[in-house]
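To start, the structure under review is shown below, and the notes come after it.
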Amino acid sequence: MLFLSELILFSRLTFFKENMNKRMSISVLNTVLVLMLTYTVSAFASTEKSVGVLVAADSSPVHKISILEIRRLYLGLPSSDGLIKETVINLADPVAYKNFLKNVMHMTDSGYRRKIVKRIFRQGGRKVNEIQNIAEIVSYLEEHPYAVSFMAEETARKTKTIKVVQVLW
Amino acid sequence: MTIFYYQKLKQHITGVIVLFKKINVLMLFIVLLSYETISLADINLSGYGSIVAGRVISGDEFLSDYPNTGIYDNDISFSPDTTIGVQLIADLDDSLEFVIQAVSNGATDYDIDLDWAYINYQLNTELTIQAGRKRLPLYYYSDFFNVGYAYYWIRPPADNYTWQISHYNGLSLQYQPYIGEWDVLLNLYAGREDSNDNKLLSFLSGVPVDETWKNMVGIVTEVSKDWLEFRATFMQGQLDRSVSGVVTAQNVKQRFSGISVNLYLYKFIILSEYNQYVREASDIHVDTRMLSLAYQLGAFTPHVTRSALNQKENKFGGDEDHNTISIGLRWDYNKKTAIKVQFDRVQDKGVAIPILEDSDAVSVGVDFVF
Chain A
0 MLFLSELILF SRLTFFKENM NKRMSISVLN TVLVLMLTYT VSAFASTEKS VGVLVAADSS
60 PVHKISILEI RRLYLGLPSS DGLIKETVIN LADPVAYKNF LKNVMHMTDS GYRRKIVKRI
120 FRQGGRKVNE IQNIAEIVSY LEEHPYAVSF MAEETARKTK TIKVVQVLW
Chain B
0 MTIFYYQKLK QHITGVIVLF KKINVLMLFI VLLSYETISL ADINLSGYGS IVAGRVISGD
60 EFLSDYPNTG IYDNDISFSP DTTIGVQLIA DLDDSLEFVI QAVSNGATDY DIDLDWAYIN
120 YQLNTELTIQ AGRKRLPLYY YSDFFNVGYA YYWIRPPADN YTWQISHYNG LSLQYQPYIG
180 EWDVLLNLYA GREDSNDNKL LSFLSGVPVD ETWKNMVGIV TEVSKDWLEF RATFMQGQLD
240 RSVSGVVTAQ NVKQRFSGIS VNLYLYKFII LSEYNQYVRE ASDIHVDTRM LSLAYQLGAF
300 TPHVTRSALN QKENKFGGDE DHNTISIGLR WDYNKKTAIK VQFDRVQDKG VAIPILEDSD
360 AVSVGVDFVF
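Those sequence lines, one after another, are chains A and B.
Residue numbers for the first sequence follow numbering that gives the first Met the number 0, so the first one is 0 and each next one is one higher.
Residue numbers for the second sequence follow numbering that gives the first Met the number 0, so the first one is 0 and each next one is one higher.
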């Protein structure tokens with residue numbers, strides 16, 4: 000859809016180009032094209048930024064599992080192979096948390112909290128760890144090899160002691 | 000006048016001291032339990048609490064908590080709805096755990112009761128079996144009635160939650176399969192509960208009443224996703240009752256059924272519940288219903304609710320008919336604390352069995368989890 004609207008815009012600009020003073024029109028067109036290019040590049044850049052990954056300690060035996068199973072783990076249910084024992088919510092990156100809720104949990108923050116509290120006190124569920132600092136998340140994962148968390152891919156790549164288990168969104 | 004207020008203040012201070020003494024006992028109990036088991040198992044500790052103050056502003060009394068007989072009158076009181084609960088989960092091995100939840104209610108003079116105490120065995124990732132003491136999952140909020148943080152009211156609508164038995168001792172099987180974005184829970188349970196000098200029945204009848212619910216068999220089905228929650232419940236069993244030591248009912252069949260639908264549409268929340276309780280031999284047919292509407296404005300959730308209980312006059316002359324309109328506001332102060340204020344207007348139309356007559360009440364509270 001983005002490319003289609005850009006094409007329409009481009010054809011309209013071409014039409015204008017024909018009916019305007021040549022020097023003036025080239026100048027305006029160049030400005031518009033530069034703006035469009037900037038917009039397109041920034042759009043691609045923001046898409047890249049929004050990639051989120053599941054991470055674990057470098058030494059962790061945790062391997063790739065289905066998104067459905069990750070969702071269940073973050074609801075406090077056990078994993079099928081019993082390998083992942085703990086989940087950590089990354090509150091250090093609000094964008095990553097928002098994307099996690101949208102793409103993995105398929106629910107809002109209040110809906111998620113409601114489910115977790117109900118599960119803890121009516122089914123004997125465990126609290127899900129919440130950490131508000133990336134360094135602390137990394138440190139926690141290093142100390143707990145059977146724990147996983149999520150973060151932006153860019154952040155994960157910069158951190159040497161953790162590994163990317165899989166792409167989440 | 001000064002002496003009157005001094006006495007009231009003294010009563011409140013005494014109440015708070017009693018609360019702290021009980022909480023100390025609770026903490027001691029937790030520490031001892033942790034100490035005993037810490038070398039044997041991993042311990043997971045969590046808890047919740049509600050500190051609520053309220054009073055009746057019109058009428059004489061407001062029964063806010065039926066099972067524990069929490070009653071507000073014309074004086075400000077913290078007792079009827081104030082609750083603190085602590086849950087301990089001890090991992091005995093990868094599949095076996097022990098869960099205990101101790102609760103202290105102001106309405107029961109801060110005595111410590113065990114809401115949950117059971118062994119949980121994980122048969123596989125979707126199936127678990129529990130044995131021990133659990134809350135009786137009749138109504139939608141029965142399981143987490145005491146966890147104020149989990150709902151937007153000060154307490155679940157009182158007209159719906161009028162049951163005299165709220166626990167059972169027995170077996171429970173829980174099945175939670177993978178069905179895409181849908182969360183599914185199927186719960187089968189069986190058990191019994193003996194309640195000597197039952198709080199609610201003894202309060203209503205004015206004499207000691209012993210009540211037993213036995214041979215209970217029930218099923219609960221829940222299907223939910225972010226914007227929808229659907230729950231259906233059914234239970235049948237038998238009842239024994241003795242009033243002042245005289246047996247008035249034995250092996251009387253009873254059944255309970257209910258349905259709940261909750262919708263979370265954009266910022267609107269619609270909660271509904273309809274339940275039926277039937278005891279044919281006593282010609283008792285009770286309908287309870289509730290409809291609530293809320294709107295989420297950032298951290299604020301204003302809400303309005305109407306709930307009702309209706310038991311038609313039967314051949315023994317018994318009737319019970321009351322409804323409540325509640326208006327309130329929940330403010331999520333942070334991710335673990337909510338502040339609430341609520342106004343309740345009760346209309347009591349019961350002729351043969353009036354509960355506590357008409358009343359208006361206001362209450363303010365803080366709910367938290369940890």
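Backbone N, C-alpha and C fix where the C-beta goes; we use that ideal spot for every residue, glycine too.
Asked: At least one CB of chain A closer than 8 Å to the CB of LYS88(B): is that the case?; Found: Looking at the sequence provided, one finds Ile at residue 88(B) rather than Lys. Yes, ILE88(B) lies at the interface with chain A (some Cβ there is under 8 Å from its Cβ).
Asked: How many Å lie between ASP92(B) and SER204(B) at the Cα?; Found: 48 Å
Asked: Under a Cβ-count criterion, where at least 16 other Cβ atoms within 10 Å of its own Cβ denotes burial, should PRO60(A) be classed as buried or exposed?; Found: exposed
Asked: Quick one: what's got a C-beta closer than 6 Å to ASN186(B)'s C-beta in the same chain, skipping five residues either side?; Found: GLN173, VAL219
Asked: Taking the straight line between their C-alpha atoms, what separation do you get for LEU199(B) and TYR151(B)?; Found: 25 Å
Asked: Tell me, please, whether the CB atom of HIS62(A) is closer than 8 Å to any CB atom in chain B?; Found: no
Asked: Give the DSSP bridge partners of VAL164(A), in chain order.; Found: According to DSSP, which records beta bridges pairwise, VAL164(A) is partnered with nothing at all.
Asked: Please look up how many angstroms separate the CB atoms of PHE99(A) and PHE143(B), rounded, as I've assumed it's under 8 Å.; Found: That belief does not hold up - the Cβ atoms of PHE99(A) and PHE143(B) are roughly 25 Å apart, past 8 Å.
Asked: Kindly indicate which residue of TYR273(B), ASN67(B), GLU312(B) has the alpha-carbon position closest to the one of SER375(B).; Found: In this structure chain B extends from 0 to 369, so residue 375(B) is not present and cannot be described.
Asked: LYS224(B) versus chain C: which residues are under 8 Å apart at the beta carbon?; Found: No chain C appears in this structure, whose protein chains are A and B.
Asked: Buried or exposed, going by whether 16 or more other CB atoms sit within 10 Å of the CB of GLU35(B)?; Found: In this predicted model, GLU35(B) has a pLDDT of only 48, less than 50, meaning its place in the structure is not dependable enough to derive any value.
Asked: State the Cα-Cα distance for the pair ASP108(A) and ILE115(A), rounded to the nearest angstrom.; Found: 11 Å
Asked: Quick one: give me the first and last residue of the alpha helix (DSSP H) that LEU67(A) is part of.; Found: 66–73
Asked: Please determine if the stretch 131–149 of chain A and the stretch 74–89 of chain A are in contact, where contact requires at least 3 C-beta pairs separated by less than 8 Å.; Found: yes
Asked: Measuring alpha carbon to alpha carbon, tell me which residue in ASP225(B), VAL242(B), GLU221(B) is nearest GLU180(B).; Found: ASP225(B)
Asked: Among GLN86(B), LEU238(B), SER223(B), which has the Cα closest to the Cα of ASP209(B)?; Found: LEU238(B)
Asked: For GLU192(B), count neighbouring Cβ atoms within 10 angstroms of its own Cβ and tell me buried if that reaches 16, exposed if not.; Found: buried
Asked: Give a yes or no on whether the minimum CB-CB distance between LYS334(B) and chain A is below 8 Å.; Found: yes
Asked: Would you mind stating whether THR68(B) and LEU308(B) have Cβ atoms separated by less than 8 Å?; Found: no
Asked: Measuring straight from C-alpha to C-alpha, what distance separates ARG71(A) and SER78(A)?; Found: 8 Å
Asked: Report buried or exposed for TYR378(B), applying the criterion of at least 16 other Cβ atoms within 10 angstroms of its Cβ.; Found: Outside the displayed range of chain B (0 to 369) lies residue 378(B), so it cannot be described from this structure.
Asked: Is the shortest distance between the beta-carbon of THR247(B) and the beta-carbons of chain A less than 8 Å?; Found: no
Asked: Would a check of beta-carbon distances place ILE136(A) closer than 8 Å to chain B?; Found: no
Asked: Starting from TYR273(B), trace the beta strand (DSSP E) both ways and give me its first and last residue.; Found: 267–278
Asked: Starting from ILE324(B), follow its DSSP beta bridges and name the residues at the other end.; Found: ARG305(B), ARG344(B)
Asked: What is the C-beta distance between ARG54(B) and ALA360(B), in whole angstroms, given that I count them as a contact (C-beta under 8 Å)?; Found: 7 Å
Asked: What does the alpha-carbon distance come out to for the pair LEU135(B) and THR232(B)?; Found: 11 Å
Asked: Taking CB distances under 8 Å as the criterion, tell me whether ILE161(A) reaches chain B.; Found: no
Asked: Since I believe ASP80(B) is in contact with VAL51(B) (beta carbons under 8 Å), could you give me their beta-carbon distance rounded to a whole number of angstroms?; Found: 4 Å
Asked: So ASN128(A) is in the beta strand (DSSP E); what residue range does that whole segment cover?; Found: 128–130
Asked: List in chain order: all unbroken beta strand (DSSP E) runs of 3+ residues lying wholly within the stretch 50–117 of chain A.; Found: 51–56, 85–89
Asked: I'd like to confirm the pairing. Which residues does DSSP put opposite TYR177(B) in its beta bridges?; Found: ASP182(B)
Asked: Closest to LYS252(B) by CA distance: which of THR82(B), GLN235(B), GLY364(B) is it?; Found: GLN235(B)
Asked: According to DSSP, GLN249(B) sits in a beta bridge with which residue or residues?; Found: In the DSSP output, where bridge partners are listed per residue, GLN249(B) has none listed.
Asked: Is DSSP giving ARG132(B) helix, strand or coil here?; Found: strand
Asked: Can you list, in chain order, the residues of its chain with a C-beta nearer than 7 Å to that of THR247(B)? Leave out the 5 residues immediately preceding and following it.; Found: ARG240, SER241
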